[in-house]
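Take a look at the structure set out below.
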Amino acid sequence: SICVPAATALVAARWHGPMALFALCSGCAVSCSAGIGRRLQVVEFRSDNPAADGKALWSIADLSSGVNSLDPEKYRGVILRCDEKLASIRKAFKTLSPIQIAEATRLVETEGGEKGAGKSGADFIRTPDGEYFLKTMTKRDLRSFKTFARAYHEHMVKYHDTTLLVRVIAIVVMPDRRIWLVMNNWLPLHFRHIYDLKGSSSGRRSKDEKTVWKDQNWDEHPEHHPVLPIEDLAEFHMAINRDTNTLSHATMIDYSLVYGRETHVLSRCDRDSGECGAPVCADGLGCADAAKHFHTDGHPGHWGEVHDYFCQDRKVRPHYGHRCVATMHAASPGDPTIEVNVYCFGIIDILKYFRKYASAEYIVRGGVLGRDISAWPPLPYASRFRQQLTETFREPTRQEPQRFIFSPDDRACGVGSWSTEAGR
Numbered sequence: 002s003i004c005v006p007a008a009t010a011l012v013a014a015r016w017h018g019p020m021a022l023f024a025l026c027s028g029c030a031v032s033c034s035a036g037i038g039r040r041l042q043v044v045e046f047r048s049d050n051p052a053a054d055g056k057a058l059w060s061i062a063d064l065s066s067g068v069n070s071l072d073p074e075k076y077r078g079v080i081l082r083c084d085e086k087l088a089s090i091r092k093a094f095k096t097l098s099p100i101q102i103a104e105a106t107r108l109v110e111t112e113g114g115e116k117g118a119g120k121s122g123a124d125f126i127r128t129p130d131g132e133y134f135l136k137t138m139t140k141r142d143l144r145s146f147k148t149f150a151r152a153y154h155e156h157m158v159k160y161h162d163t164t165l166l167v168r169v170i171a172i173v174v175m176p177d178r179r180i181w182l183v184m185n186n187w188l189p190l191h192f193r194h195i196y197d198l199k200g201s202s203s204g205r206r207s208k209d210e211k212t213v214w215k216d217q218n219w220d221e222h223p224e225h226h227p228v229l230p231i232e233d234l235a236e237f238h239m240a241i242n243r244d245t246n247t248l249s250h251a252t253m254i255d256y257s258l259v260y261g262r263e264t265h266v267l268s269r270c271d272r273d274s275g276e277c278g279a280p281v282c283a284d285g286l287g288c289a290d291a292a293k294h295f296h297t298d299g300h301p302g303h304w305g306e307v308h309d310y311f312c313q314d315r316k317v318r319p320h321y322g323h324r325c326v327a328t329m330h331a332a333s334p335g336d337p338t339i340e341v342n343v344y345c346f347g348i349i350d351i352l353k354y355f356r357k358y359a360s361a362e363y364i365v366r367g368g369v370l371g372r373d374i375s376a377w378p379p380l381p382y383a384s385r386f387r388q389q390l391t392e393t394f395r396e397p398t399r400q401e402p403q404r405f406i407f408s409p410d411d412r413a414c415g416v417g418s419w420s421t422e423a424g425r
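Going left to right, the sequence shown walks through residues 2 to 425 as our numbering numbers them.
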């Protein structure tokens with residue numbers, strides 16, 4: 002059984018009332034049961050078979066040549082768990098199919114991925130373009146997702162335009178019983194500054210600047226906090242409230258916001274000559290030339306990746322739902338350069354319930370006495386998480402330059418590439 006022990010449910014009800022008890026026990030009758038799985042047989046990924054589930058597996062890209070050259074034997078015994086619900090999430094976000102991602106990562110051939118730096122000891126694999134991210138799951142993780150599957154699916158489909166929750170695209174069980182969680186990668190670009198934020202302070206400091214920074218580092222570096230236009234900030238706060246409400250109702254804790262930030266400097270388009278290689282314009286600011294990027298502090302900043310994120314085949318690249326946000330501003334009206342800040346962020350690690358081990362940690366480590374540890378009960382955890390982000394994701398002050406959204410059009414993407422020039 003995947004149901005919560007009665008004692009844990011009673012403890013949750015004591016802290017959070019009947020809703021917590023209902024949320025904990027809701028997994029007892031979910032449709033995504035342990036015995037249900039969709040086997041990837043040969044017939045399922047032949048695009049020329051009208052009876053096959055080919056549309057669900059190959060619906061995004063035209064991979065007819067790839068299908069014809071695919072060796073189906075290597076996928077025998079591969080199972081997709083919970084795919085009745087996850088297929089509709091793939092459709093909502095127009096993602097690649099599980100087999101397309103498996104082919105891109107050579108999932109069947111690999112014996113493992115890169116070891117993560119976290120406590121879980123999970124393996125990780127990224128697709129070559131950085132868009133997708135695979136992480137090994139334990140059987141316990143899988144049981145947690147099955148309990149959460151219905152609420153997660155309803156939330157993701159209903160709020161797919163704005164939700165910040167990680168997009169679980171597939172759960173793949175390999176013949177050797179390894180389980181891979183396939184999801185989007187919230188940080189598809191290279192960043193010098195990456196944070197993992199939970200809203201707690203106890204033990205939340207990274208001493209090595211080359212690793213992912215945490216909450217105490219975040220508090221010490223306000224210059225890394227995002228400054229967004231008011232409309233985008235309001236949408237962010239609304240999404241955070243909705244997402245954390247869903248997580249707390251499901252009694253989830255220990256999730257975090259992963260965040261990356263990079264600064265770039267562009268030349269302002271020459272108003273006198275009218276020459277501009279790749280103009281990106283905003284009313285009230287003028288136009289920046291995306292084709293003239295300068296090194297910042299001697300660092301090129303991977304500007305070509307920013308082009309590839311926004312552009313594809315010399316046109317604006319489509320994105321579905323929440324995506325990376327880029328803003329631009331000038332220090333003064335006469336400044337010959339325009340600064341562009343790229344922010345990517347989203348909520349990850351959403352599969353930890355507040356059950357007996359977390360309850361014990363909350364008591365033993367002093368959380369019950371008010372110590373700011375990570376393992377707080379779901380409602381206080383969500384409130385603390387929201388408070389930190391509300392206070393540090395902000396709009397510009399009256400003394401700061403106004404922020405505008407950096408949004409390339411087909412003309413800016415049509416130049417093919419954006420170059421980086423030495424110096425500033």
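C-beta atoms are modelled at their ideal positions from N, C-alpha and C, and glycine is treated no differently.
Measure how close the beta-carbons of residue i and residue j come, nearest whole angstrom, since I'm counting them as under 8 Å.
{"i": "Cys-1", "j": "Gly-261", "result": "For the chain, the structure presents residues 2 to 425; residue 1 sits outside this window and is missing."}
{"i": "Val-158", "j": "Met-184", "result": "Actually they are not in contact, since the Cβ atoms of Val-158 and Met-184 sit about 16 Å apart, beyond 8 Å."}
{"i": "Pro-409", "j": "Ala-291", "result": "6 Å"}
{"i": "Arg-404", "j": "Pro-223", "result": "That belief does not hold up - the Cβ atoms of Arg-404 and Pro-223 are roughly 16 Å apart, past 8 Å."}
{"i": "Glu-276", "j": "His-191", "result": "Incorrect: roughly 30 Å between the Cβ atoms, too far for contact."}
{"i": "Tyr-160", "j": "Arg-107", "result": "Rounded, the Cβ-Cβ distance is 34 Å, inconsistent with contact."}
{"i": "Thr-163", "j": "His-323", "result": "6 Å"}
{"i": "His-154", "j": "Ser-202", "result": "Actually they are not in contact, since the Cβ atoms of His-154 and Ser-202 sit about 34 Å apart, beyond 8 Å."}
{"i": "His-226", "j": "Phe-394", "result": "7 Å"}
What residues in its chain sit with their C-beta under 7 Å from that of residue i, if we drop five residues either side in the sequence?
{"i": "Asp-411", "result": "Lys-316, Val-317"}
{"i": "Ala-105", "result": "Thr-128, Pro-129"}
{"i": "Ala-30", "result": "Confidence at Ala-30 is low in this model, with a pLDDT of 36, below 50, so the placement of that residue should be treated as unreliable; the coordinate-derived value is given next. Excluding residues within five positions, none has a Cβ falling inside 7 Å."}
{"i": "Ala-413", "result": "Ala-279, Pro-280, Val-281, Ala-291"}
{"i": "Pro-402", "result": "His-330, Ala-331, Ala-332"}
By DSSP's criteria, residue i is part of a beta bridge. Which residues make up the other side?
{"i": "Gly-417", "result": "In DSSP, Gly-417 forms no bridge with anything."}
{"i": "Glu-221", "result": "For Glu-221, which the question treats as bridged, DSSP gives no partner whatsoever."}
{"i": "Leu-229", "result": "Looking at the DSSP assignment, Leu-229 forms no beta bridge with any residue, so it has no partner."}
{"i": "Pro-280", "result": "Asp-290"}
{"i": "Val-259", "result": "Asp-197, Gly-347"}
{"i": "Glu-340", "result": "Val-266, His-330"}
{"i": "Tyr-354", "result": "Met-253"}
{"i": "Asn-185", "result": "Tyr-133"}
{"i": "Arg-395", "result": "Val-228"}
{"i": "Arg-387", "result": "Per DSSP, none; premise fails for Arg-387."}
{"i": "Phe-405", "result": "Met-329"}
{"i": "Lys-316", "result": "Gln-313"}
Short check: CB of residue i to CB of residue j, under 7 Å?
{"i": "Val-228", "j": "Thr-338", "result": "no"}
{"i": "Trp-181", "j": "Val-173", "result": "yes"}
{"i": "Leu-258", "j": "Leu-352", "result": "no"}
{"i": "Ile-241", "j": "Leu-390", "result": "yes"}
{"i": "Tyr-321", "j": "Phe-94", "result": "yes"}
{"i": "Val-416", "j": "Gly-278", "result": "yes"}
{"i": "Ala-150", "j": "Thr-245", "result": "no"}
{"i": "Ser-249", "j": "Leu-81", "result": "no"}
{"i": "Trp-419", "j": "Trp-304", "result": "yes"}
{"i": "Phe-407", "j": "Ala-327", "result": "yes"}
{"i": "Pro-176", "j": "Glu-132", "result": "no"}
{"i": "Lys-293", "j": "Ser-268", "result": "yes"}
{"i": "Ser-375", "j": "Asp-209", "result": "no"}
{"i": "Glu-396", "j": "Leu-234", "result": "yes"}
{"i": "His-156", "j": "Thr-247", "result": "yes"}
{"i": "Val-341", "j": "Met-329", "result": "yes"}
{"i": "Ile-348", "j": "Leu-165", "result": "yes"}
In chain order, what residues of the same chain lie with their CB nearer than 6 Å to the CB of residue i, ignoring the 5 residues before and after it?
{"i": "Phe-1", "result": "Absent from the model: residue 1. The displayed extent of the chain is 2 to 425, so no value can be given."}
{"i": "Glu-85", "result": "none"}
{"i": "Val-213", "result": "Ile-195, Asp-197"}
{"i": "Arg-444", "result": "Absent from the structure is residue 444, since the part of the chain shown begins at 2 and ends at 425."}
{"i": "Thr-96", "result": "Ile-170"}
{"i": "Arg-91", "result": "Ile-170"}
{"i": "Arg-193", "result": "none"}
{"i": "Cys-270", "result": "Cys-277, Pro-280, Cys-288, Asp-290"}
Using C-beta distances below 8 Å, list every residue in its chain close to residue i, excluding the 5 sequence neighbours before and after it, in chain order.
{"i": "Gln-388", "result": "Gly-200"}
{"i": "Ser-145", "result": "Leu-352, Lys-353, Tyr-354"}
{"i": "Thr-111", "result": "Ile-126"}
Using a threshold of 6 Å, is the CB atom of residue i nearer than that to any non-hydrogen atom of the ligand MG?
{"i": "Ile-351", "result": "Ligands are entirely absent from the displayed structure, and the ligand MG is therefore not among its contents."}
Under 7 Å between C-beta atoms, does residue i make it to chain B?
{"i": "Asp-271", "result": "Included in the structure is just one protein chain, with no chain B present."}
Q. Whole beta strand (DSSP E) runs in the segment 102–180 with 3 or more residues, listed along the chain?
A. 124–127, 133–138, 169–174
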